[in-house]
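Undergrad: Numbering (this note's numbering), first residue to last: 1447 to 1556. A single structure is presented below for examination.
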């Protein structure tokens, strides 16, 4: 059978495992849901995961809630989310970054 949903929330995976998961997303052609909430993933790990998620044709939902992504990671999050359109739902609640109306102008609005 093929793995389509993976919940690794609350496992303290950190940056190294985040890098491995990001690379695995580049190869995986079945994953639909990935929950990485509350794992200590920082901006670098989040970026690697987001790049893998962006390139993965089947991933529909990615949860990064509660990870210390910070402002730098938040900026990367906005760029990747903007490039995805509506295919991929990404959740990043309580990730230590804020979004302003200036951040949201990527949608072509005023």
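Glycine residues also receive a C-beta, built at the ideal position from the N, C-alpha and C atoms.
Going by other Cβ atoms of all chains shown within 10 Å of its Cβ, with 16 needed for buried, is residue 1500 buried or exposed?
TA: Looking at its Cβ environment, which holds 16 or more other Cβ atoms inside 10 Å, residue 1500 is buried.
Undergrad: Quick check on the DSSP output: the beta strand (DSSP E) that includes residue 1481 runs from which residue to which?
TA: 1479–1481 is the span of the beta strand (DSSP E), which, as asked, contains residue 1481.
Undergrad: Could you check what DSSP says for residue 1459 in three-state terms: helix, strand or coil?
TA: Note: residue 1459 maps to coil in three-state DSSP.
Undergrad: Which residue spans inside the stretch 1487–1529 form an unbroken alpha helix (DSSP H) run of at least 4?
TA: 1489–1501, all fully within the stretch 1487–1529.
Undergrad: For residue 1555, does the three-state DSSP call read helix, strand or coil?
TA: Confidence in residue 1555 is poor, its pLDDT being 34 and thus under 50, which makes the residue's placement unreliable; the coordinate value appears in the next sentence. In this structure, residue 1555 counts as coil in the three-state DSSP scheme.
Undergrad: Taking just the CA atoms, how far does residue 1508 sit from residue 1484?
TA: Approximately 13 Å, taken between the alpha carbons.
Undergrad: Would you mind sorting residue 1544 into buried or exposed? The rule is 16 or more other CB atoms within 10 Å of its CB.
TA: Label assigned to residue 1544: exposed.
Undergrad: Is it buried or exposed, residue 1476, if we count other Cβ atoms within 10 angstroms and call 16 or more buried?
TA: Per the 10 Å Cβ criterion, exposed.
Undergrad: Distance cutoff 7 Å, beta carbons only. Does residue 1495 sit that close to anything in chain D?
TA: Annotation note: the requested chain D is absent from the structure, which comprises a single protein chain.
Undergrad: Classify residue 1451 as buried or exposed, calling it buried when 16 or more other Cβ atoms lie within 10 Å of its own Cβ.
TA: Exposed, because fewer than 16 other Cβ atoms sit within 10 Å of the Cβ of residue 1451.
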